[in-house]
Structures are given as structure tokens and as C-alpha cells.
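Peer 1: In terms of my numbering, the sequence shown opens at residue 50 and continues consecutively.
Each residue gets a CB set at the ideal place from its N, CA and C atoms; glycine is no exception.
All figures in this text were calculated on a predicted structure; none of them were measured in a lab.
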Amino acid sequence: MPLAQKGGGPEPLWREVVGRRVRAVRRERGERLADTAERAGISPQYLSEVERGRKDPSSEILAAVAGALDVSLRDLIGLAHTDLARGAGGRGPMLLAG
């Protein structure tokens with residue numbers, strides 16, 4: 050059972066936070082899901098499930114997606130970590146780091 054966070058709801062899973070961050074970066078770049086997935090070498094359906102937090106991608110998949118988005122894996126994971134540290138890992142709007 051997920052631990053409760055200060056707001057009373059369950060803490061988000063890492064895959065949910067990473068997925069939301071992947072989607073945010075992709076949308077910020079104005080990219081279509083299919084184009085990003087093709088460059089990453091994965092199916093659009095799989096990328097969609099990653100973005101929705103339904104799949105727990107391997108480090109290799111995350112690296113491929115980060116590369117397809119022209120960001121480093123370190124930066125992508127760092128942004129997700131920051132979201133969790135700020136308590137912004139839950140559902141709702143996120144600010145993108147500049």
C-alpha cells in the first residue's frame with residue numbers, strides 16, 4: 050500500500066512522476082508521441098503507457114526516450130526527482146525547469 054503524503058493522498062509512484070515528466074518535456078518541444086517513440090525505437094503505445102505511469106520502463110528505455118527528446122537521462126531523472134522533492138509528484142500541473 051502506498052505511503053500517505055502530507056496532503057493525505059498516497060504518494061505517487063516513481064514511474065508516474067517520470068512518465069508525467071516525459072510527457073511534459075515532449076509537449077514542451079511540440080513533439081508528437083509517434084515521432085518521439087519512433088526515434089526512441091519503441092512503439093507509440095508503449096510510450097503512451099510510460100507517460101501515463103502504467104509501465105515501469107527500464108533504464109535503457111528511459112535513456113532512449115531521453116535521447117529522442119534531446120535531453121540527458123540525468124536531466125530527465127533530475128527533473129522527476131525535483132518534482133518528488135517539492136511534493137509536485139501528484140497529479141496536476143507542473144512547472145518545467147528552464
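Output the distance between the C-alpha atoms of Ile126 and Glu109, rounded to the nearest integer angstrom.
Peer 2: 13 Å
Peer 1: If you run the structure through DSSP and keep just helix, strand and coil, what is Glu80?
Peer 2: DSSP, read as helix, strand or coil, puts Glu80 in coil.
Peer 1: Looking at the structure shown, is Ser93 part of a helix, part of a strand, or coil, going by DSSP?
Peer 2: The sequence given here places Pro at residue 93; Ser does not occur at that position. Note: Pro93 maps to helix in three-state DSSP.
Peer 1: Please determine, among Leu118, Val99, Gly90, the residue with the shortest C-alpha to C-alpha distance to Glu65.
Peer 2: Ranking the options by Cα distance to Glu65, first place goes to Val99.
Peer 1: Using 8 Å as the threshold, is the stretch 115–124 in touch with the stretch 74–89, meaning 3 or more CB pairs across them?
Peer 2: yes
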